[in-house]
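In the working numbering, the protein residues as written are -5 to 240.
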């Protein structure tokens, strides 16, 4: 599936554009109320706010559950045609997101929900699918970079190394989503540092959990058995997290 083409300066997402886009899709959601569910005093960026490890793990588990839902839905319910290579890319991405989620849960992370809201035309409009996927992966990369910074600040070096691995994996997914859309996949010299704290990503996640204008749902996250079935034997190369190596 080729959606469009671009020069290397297009399709570069920023924190401002992500939050603006989330707000427009969500129809003015009450982000502060959503933040309260996580115990965050404010959803606005603030370098003085100190995310605790449990909050980071919970936010990451919620994001990874959303990611598995996104890729599973694309593989099982997309109304547009995907090339065979694109299907294979998405299957590897789904397997990786499940691997990330399993690690987070094993280390105490708890997803806030197992159901999400999505843009109404997500699975029928290929351009929207690519845009939402790229925005989401940009947010995931940024959040894991913020987690790495915070865990390093806390002196939890092995966990910091693992969240850096997760950021690298999400950056691969971003490149592949862009490739599927016909964009230059490797347009960034470095991943975008769009969040200082993981909780700064709350406005980006909010519409997918609360819904709003232009969103439909809720859509249930797939079970482990459903993911295994749709993967059809596709499996990422086994890689140990930093915590198990050092």
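Cβ atoms here follow ideal geometry from the backbone N, Cα and C, with glycine treated the same way.
Just so you know, these numbers come straight off a predicted model, no measurement behind them.
With respect to the 8 Å criterion, residue 209 and residue 114 are classified as neighbours on the basis of their beta carbons. Here residue 62 really is in contact with residue 95; their C-beta atoms are around 6 Å apart, less than 8 Å. Contact between the stretch 88 to 107 and the stretch 46 to 63 is established, with three or more Cβ pairs separated by less than 8 Å.
Per DSSP, the continuous alpha helix (DSSP H) segment holding residue 202 begins and ends at 196 to 204. Its chain contains 105, 106 as the residues whose beta carbon lies nearer than 6 Å to that of residue 56, once the 5 sequence neighbours on both sides are disregarded; these appear in chain order.
Scanning 162, 217, 82 for the CA closest to the CA of residue 138 turns up 162. Contact between the stretch 143 to 152 and the stretch 41 to 54 is present: three or more C-beta pairs spanning the two stretches fall below 8 Å.
The Cβ atoms of residue 159 and residue 232 do not sit closer than 8 Å to each other.
Here residue 203 is near residue 110, since their CB atoms are less than 8 Å apart. Here residue 118 is exposed. Its C-beta has fewer than 16 other C-beta atoms within 10 Å. In the pairwise beta carbon analysis, the stretch 169 to 189 is classified as touching the stretch 76 to 90: at least three pairs are separated by under 8 Å.
Listed as beta-bridge partners of residue 209 by DSSP are 113. Within the stretch 94 to 166, the complete alpha helix (DSSP H) segments of 4 residues or longer fall at 120 to 147, listed in chain order. Distances from the alpha-carbon of residue 201 to those of 99, 51, 130 put 130 closest. With respect to residue 69, residue 224 sits close: the two C-beta atoms are nearer than 8 Å. For residue 188, no alpha helix (DSSP H) run applies, since DSSP gives it neither H nor E.
Beta bridge pairing from DSSP links residue 214 with 109. The beta carbon of residue 180 sits closer than 8 Å to the beta carbons of 169 from its chain, once the five residues preceding and following it are set aside; these are given in chain order. Shown here, residue 233 sits in coil according to DSSP, grouped into three states, outside any helix or strand. The beta-carbon separation of residue 41 and residue 190, rounded to 5 Å, stays under the 8 Å limit for a contact. Proximity to residue 127 across 164, 156, 108 peaks at 164, based on C-alpha coordinates. Nearest to residue 177 by alpha-carbon distance, out of 103, 125, 116, 71, is 125.
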